[in-house]
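Residue numbers for the sequence shown, in mature numbering (1 follows the signal peptide of the UniProt record, and there is no 0): -21 to -1, 1 to 61.
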Amino acid sequence: MMKRIFLAAIVATFAAGLAFAEDTCESKAVGKDGKPLAGAAKTSFMKKCKADACMPKAVSADGKPLAGAAKNSFMKKCEMGA
């Protein structure tokens, strides 16, 4: 009986953690009034949010920031997946 309760508590903890971890650009796209953004405002917000999420990852293997074509290529791939 105790094993079942303990297992259920662990499963619930992981499920709650995953729910809080899912903080995507789409879920952040709300206005000051709490309503979801739409149209040009949403497009602009999504573009900025994805760029902000990818910028810290744009580094080379030796830890230096990417520049030029390498940065553009990386940002394009990253923003597609973000």
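All C-beta atoms in this analysis are idealised placements derived from N, C-alpha and C, irrespective of residue type, glycine included. It should be emphasised that the depicted structure is a prediction, and the values quoted were computed from it without experimental measurement.
- Between C33 and C4, the CB-CB gap reaches or exceeds 8 angstroms.
- Of the residues S6, P44, A49, N51, the one whose Cα lies closest to the Cα of F24 is S6.
- Shown here for A30: same chain residues with a beta carbon closer than 8 angstroms to its own, the five before and five after excluded, namely M54, E58 in chain order.
- One Cα belongs to K56, the other to L45, and the distance between them is close to 14 angstroms.
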